[in-house]
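Chemist: Chains as they are written, first to last, in the numbering used here: chain A, 1 to 323; chain B, 1001 to 1259; chain C, 2001 to 2319.
C-beta atoms are modelled at their ideal positions from N, C-alpha and C, and glycine is treated no differently.
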Amino acid sequence: MEFAQQLLNGISLGAIYALIALGYTMVYGVLRFINFAHSDVFMLGAYAGLLLTPKLGGGTFGGGLAVLAASMAVTAALGVVIEKVAYRPLRGRSTLTVLITAIGVSLLIQNVAQNRQVGFGPNPKAFPAVFPQKTFSWEVAPAMTNTVAATADTAPTVNVVPAKTLSVNTNQLAVLVVSLALLGALHWIVHHTKIGTAMRAVSFNATASSLVGINNDAIISFTFALGSALAGAGGILYAMNYPTIDPLMGTLPGLKAFVAAVLGGIGNLPGAALGGLLIGLLETFVKGSRWSTYSDAIAFAILILILLFRPAGLLGKLRVEKV
Amino acid sequence: MFMTTPLLQLTDVTIRFGGLTAVSGVSATVGERELVGLIGPNGAGKTTVFNLITGVYQPTEGRIEFAGEPTAKLRPFELTERGIARTFQNIRLFPSLTVFDNVRVAFHLHLAHDAVHSLTRGPKFQREEVELRERTRELLSIFSLERVQEEPAKSLSYGDQRRLEIIRALATRPKLLLLDEPAAGMNPAEKVELMKLIQFIQEKFRLAILLVEHDMKVVMGICQRIHVLEYGRKIAEGTPAEIRANPAVIAAYLGKEHA
Amino acid sequence: MPPKSQLCLLAALAVAGVATAFAGRMDPYFLDVLLSVGVSVVLAASLNLINGFTGQFSLGHAGFMAVGAYTAATLTKTLGAKLLPLVGGQPWVLLPLALFAGGLTAALAGFLVGAPSLRLKGDYLAIVTLGFGEIIKVILQNVEFVGGALGLNGLPTTLNPAWSGVIVFATLAAPMLTVYVVWGLLNSTYGRGFLAVADDEVAAEAMGLNTTRYKITAFVVGAFFAGVAGGLYAHIKGTLTPGGFDFNKSIEIVVMVILGGMGRHVGVILAAVLLTVLSETLRKFGDYRMILYSLLLIVLMLTRPQGLFTWPLWKRKAA
Chain A
1 MEFAQQLLNG
11 ISLGAIYALI
21 ALGYTMVYGV
31 LRFINFAHSD
41 VFMLGAYAGL
51 LLTPKLGGGT
61 FGGGLAVLAA
71 SMAVTAALGV
81 VIEKVAYRPL
91 RGRSTLTVLI
101 TAIGVSLLIQ
111 NVAQNRQVGF
121 GPNPKAFPAV
131 FPQKTFSWEV
141 APAMTNTVAA
151 TADTAPTVNV
161 VPAKTLSVNT
171 NQLAVLVVSL
181 ALLGALHWIV
191 HHTKIGTAMR
201 AVSFNATASS
211 LVGINNDAII
221 SFTFALGSAL
231 AGAGGILYAM
241 NYPTIDPLMG
251 TLPGLKAFVA
261 AVLGGIGNLP
271 GAALGGLLIG
281 LLETFVKGSR
291 WSTYSDAIAF
301 AILILILLFR
311 PAGLLGKLRV
321 EKV
Chain B
1001 MFMTTPLLQL
1011 TDVTIRFGGL
1021 TAVSGVSATV
1031 GERELVGLIG
1041 PNGAGKTTVF
1051 NLITGVYQPT
1061 EGRIEFAGEP
1071 TAKLRPFELT
1081 ERGIARTFQN
1091 IRLFPSLTVF
1101 DNVRVAFHLH
1111 LAHDAVHSLT
1121 RGPKFQREEV
1131 ELRERTRELL
1141 SIFSLERVQE
1151 EPAKSLSYGD
1161 QRRLEIIRAL
1171 ATRPKLLLLD
1181 EPAAGMNPAE
1191 KVELMKLIQF
1201 IQEKFRLAIL
1211 LVEHDMKVVM
1221 GICQRIHVLE
1231 YGRKIAEGTP
1241 AEIRANPAVI
1251 AAYLGKEHA
Chain C
2001 MPPKSQLCLL
2011 AALAVAGVAT
2021 AFAGRMDPYF
2031 LDVLLSVGVS
2041 VVLAASLNLI
2051 NGFTGQFSLG
2061 HAGFMAVGAY
2071 TAATLTKTLG
2081 AKLLPLVGGQ
2091 PWVLLPLALF
2101 AGGLTAALAG
2111 FLVGAPSLRL
2121 KGDYLAIVTL
2131 GFGEIIKVIL
2141 QNVEFVGGAL
2151 GLNGLPTTLN
2161 PAWSGVIVFA
2171 TLAAPMLTVY
2181 VVWGLLNSTY
2191 GRGFLAVADD
2201 EVAAEAMGLN
2211 TTRYKITAFV
2221 VGAFFAGVAG
2231 GLYAHIKGTL
2241 TPGGFDFNKS
2251 IEIVVMVILG
2261 GMGRHVGVIL
2271 AAVLLTVLSE
2281 TLRKFGDYRM
2291 ILYSLLLIVL
2301 MLTRPQGLFT
2311 WPLWKRKAA
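1) Please name the residue, chosen from D2287(C), F2245(C) and S2279(C), that lies closest to G2151(C) on a Cα-to-Cα basis.
2) Can you tell me whether T2105(C) is buried or exposed? The criterion is at least 16 other CB atoms within 10 Å of its CB, across all chains shown.
3) Determine the burial state of H192(A): buried for a count of at least 16 other Cβ atoms within 10 Å of its Cβ, exposed for fewer.
4) Taking all protein chains shown into account, do 16 or more other C-beta atoms lie within 10 angstroms of the C-beta of N268(A), making it buried, or fewer, making it exposed?
5) Run through chain C and tell me which residues come within less than 8 Å of T97(A), C-beta to C-beta.
6) Under 7 Å between the Cβ atoms of G264(A) and G275(A)?
7) How long is the line joining the alpha carbons of G121(A) and M249(A), rounded to whole angstroms?
8) My guess is that G2261(C) and L2308(C) are in contact by the Cβ rule of under 8 Å, so how many angstroms apart are they, rounded?
9) Take S137(A) and list the residues in its own chain whose beta-carbon comes closer than 6 Å to its own, dropping the five residues that flank it on each side.
10) For R116(A), return the contacting residues in chain C, with the cut-off set at a CB-CB distance below 7 Å.
11) Is there at least one Cβ from chain A nearer than 7 Å to G2122(C)'s Cβ?
12) Three-state secondary structure (DSSP) at E1034(B)?
13) Using the rule of at least 16 other Cβ atoms within 10 Å of the residue's Cβ for burial, across every protein chain shown, is E1069(B) buried or exposed?
14) Cα-Cα, which of I2236(C), F2111(C) and N2142(C) is closest to V2168(C)?
15) Could you work out which residues of chain A lie near S2294(C), taking near to mean beta carbons separated by less than 7 Å?
16) So what does DSSP say about P2028(C), is it helix, strand or coil?
17) Mind pulling the alpha helix (DSSP H) runs of 4 or more residues that sit fully within the region 1158-1193 of chain B?
18) Which residues in the same chain as S1144(B) place their Cβ atom closer than 8 Å to its Cβ, once the five residues preceding and following it in sequence are excluded?
19) Name the residues in the region 2217-2243 of chain C whose C-beta lies less than 8 Å from a C-beta of chain A; which are they?
20) What residues from chain C crowd round I220(A), counting only those whose CB sits closer than 9 Å?
21) For A2203(C), would you say it is in contact with chain B, using Cβ-to-Cβ distances shorter than 7 Å as the test?
22) Who are the near neighbours of A2016(C) in its chain, counting only those whose CB is closer than 8 Å to its CB and skipping five residues on each side?
23) As a quick exercise: from A1189(B), S1027(B), N1042(B) and V1103(B), pick the residue whose alpha carbon is nearest that of E1230(B).
24) In its own chain, which residues sit with a C-beta less than 6 Å from the C-beta of I2269(C), not counting the 5 before and 5 after it?
25) Beta-carbon within less than 6 Å of I219(A)'s beta-carbon, same chain only, minus the 5 sequence neighbours each way: which residues are those?
26) Please go through the same chain and pick out, in chain order, the residues whose beta-carbon is closer than 6 Å to the beta-carbon of P162(A), but skip the five residues on each side of it.
27) Which residue comes first and which comes last in the beta strand (DSSP E) that contains N169(A)?
28) Only counting the same chain, and skipping five residues up and downstream in sequence, which positions put a Cβ closer than 6 Å to that of A1028(B)?
29) Rounding to the nearest angstrom, what Cα-Cα distance links G2080(C) and L2232(C) in this structure?
30) On the CB-based measure, 16 or more other CB atoms within 10 Å of its CB, does P2091(C) come out buried or exposed?
31) My guess is that G234(A) and I16(A) are in contact by the Cβ rule of under 8 Å, so how many angstroms apart are they, rounded?
32) What residues in the region 2183-2195 of chain C have a beta carbon less than 9 Å from any beta carbon of chain B?
33) Once the 5 residues before and after H1117(B) are set aside, which same chain residues still bring their CB inside 8 Å of it?
34) By DSSP, does G1019(B) sit in helix, in strand, or in coil?
35) Can you tell me where the alpha helix (DSSP H) with F1050(B) in it begins and where it stops?
36) Locate the beta strand (DSSP E) running through V161(A), then write down its first and last residues.
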């Protein structure tokens, strides 16, 4: 049943990547640039969870939800501020200028967070229990003993096969339930609300959307809020399943989530979710194999392959440059 | 029609983008040293035809031959090597390079030196550089642009930018020059200048020109033969006089009731 | 008589030679900063060829640097005992060879990364090169022969009298060679092609320029010198860890190029010198150094995206 266990772990990791990837893909959709600071918003989400858990009574079901919601609100606000201060003044400038600024914002957040005086300090911190802790195990195959009969030159041996169990803890369950709920909510916002329609319009053609009276700036702010809230939730869910958090924890998951967004087809929401899931599964299975030490490189290898052979991603459409 | 093979020959060329057929079954020719017009209403596929000829797009069906050689799978720079040069509808100069360097870069095709020679900088390299500078200056002076040769290209007036783009294309020493709406945005006086310029170029550099243009006066005034496109299909071909009298062309441009 | 540019190079190398002769009498801290500056100039000038003049955006320079550093260090340290006798026990022969080998392997890596990915543009290329840098790091962490995650220790440095001279000379001469190569490549009709590719790839292709080839050339040459810089870095620091060549290192080099005004020879050299000296002086501010760095980057992009050192005096296109 190792396979089922890996599948479960992979899906929960993938769900977190999906949450982060959605933020990248949404921002790319409306502004056509890679928001490098997104992975740091994810990190700040985890820290918000760390600080808010004692205040809002984390550890209980209701308290956990309160912590989650409050942290998402904090990161959403952060996302809006980052966009306003750093990116909005650059509207219409070259991609490179915006990209470099985004890298600068990312470095700034990381280094402020690492600072002992003004930030959280560079050392990893233990992450508290946000939801009640419980582990459910099922014995799927009982323990067995095999006896290998003696042959001419060997003595009889007894092999003990331990019981196979599939275990799920509440943290993993929370990841699955929360991310599914958030994906559903996002789908509803994007497809069934007025502001979601406006988001799609800006993403489709920003000039045209402003001509029909959509306030592009407001929509872009909303997109950042939405994406950052998802990243914040991702940060908490990620931290719940790993013992510690630190200011640089966002970098690798952020990059992998970006790869997930590209894999699914950048700008495409279901694509980002699918990509996240695939990357999470793949990484988990590689970690369980003898190539485990290479698991961090897997995402990048996929990225390079996908950009070479299917640059539009799995679900995306290629834009042809007009000559 | 032609005793010899034409310089450029399109045979049943079709290109589809997804479900959209942008150019459909177009056959056309341009002979050596011929000045041919390609006209049609907006969205008829004229620029797409240019992009097919220059290798920016590959045709979905049909074949294109240049100087008797099929051009399939050749990249744009390889077609330029073989003698096709072009200008762009929405001027594409090298904006930060000087006027001089814009032209000098285009001479690159006929250059003997490369990266290694740029580092060794031997006498042969030096001689070639001097000679290229001379030729660049010469070309610029024919079109009286040497007075602005040290300015960045982006600082030129619109008309000068259009002319610089044509000069730059000439520096590749083409056999066929494709001009994509060179008269766009020009006033009537400038258009007259442009017509003279195009005819002058064709005479002086002995090349064939394929001209995409909206302005009927320009096309009718200088072209020997005209192809007409509508919705990606060729609807007519002939001399300016024939085209002017062609009911299909009139219908395409003015609507059916005028035909 | 050789052209003026080559005479300049010879004169510069002579200065490097004289400086090397006096290195023993220099203040060790000053020498340390001087050598760091040398490495930075090599890195910045070579990245400038890719990101500045050719208009690509690589975030993987530290990756190429790592390849060169590990190659050179393997030759002088791990295999040093076997190789040194082959060259008459002379570090003056072994180190340049090791640096050159480091450059070549980095150039090969540059080709392997560049050939498939250079058709990507802007931010996509940035991400691929970044990903490549991470892959290099993971691979180095897994190769026991080069020390795995612990890295390599005890490389010959300037503290070793036999090696001191050649390390100092190489570190002072390499930036001059790099600048000469980048300058020479660009200042020819052929070299104007790099700038044309940066300005408008479609138009460059239409003018008969093989844009892919130009981009790969820039990538390979840039990676070569990043590899050389890595080799020098290894022999200045004496230790190597895969983590030392991370994303932040790439960013540091990118900042130099941007600050200097992408695609300007003198500006980028000045920026490399300034930032290296600055980061050495800011060391006492420790934790605040990187905060300052990132703020600088953001403010620069908001107010002067064209870079700091962009007076018309050093016109980018001046031939």
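Modeler: With the given structure in hand:
1) The candidate whose alpha carbon is nearest that of G2151(C) is F2245(C).
2) buried
3) Classification of H192(A): exposed, given that the 10 Å Cβ count is below 16.
4) N268(A) is classed as buried because its beta carbon has at least 16 other beta carbons within 10 Å across all chains shown.
5) By Cβ distance, chain C contributes M2301 and P2305.
6) yes
7) 13 Å
8) Indeed, because the Cβ distance is near 7 Å, the residues count as touching under 8 Å.
9) T165 and S167
10) D2287
11) yes
12) coil
13) exposed
14) I2236(C)
15) Chain-ordered, the chain A residues with CB closer than 7 Å to the CB of S2294(C) read G104, L107, L108 and N111.
16) In the structure shown, P2028(C) sits in a helix (DSSP, three-state: H, G or I).
17) 1158-1171
18) none
19) none
20) The contacting residues do not exist; I220(A) stays about 17 Å from chain C at best.
21) yes
22) Cβ neighbours of A2016(C) beyond the five flanking positions: F2169, L2172, A2173 and M2176.
23) N1042(B)
24) V2041
25) Within the same chain, A198, M199 and V202 come within 6 Å of I219(A) by CB-CB distance, once the 5 residues on both sides are set aside.
26) A143
27) Annotation: the continuous beta strand (DSSP E) that includes N169(A) extends over K164 to N169.
28) L1010 and H1227
29) 16 Å
30) buried
31) Correct: roughly 5 Å between the Cβ atoms.
32) G2184, L2185, L2186, N2187, S2188, T2189, Y2190, G2191, R2192, G2193 and L2195
33) K1124 and F1125
34) coil
35) K1046 to I1053
36) T157 to V161
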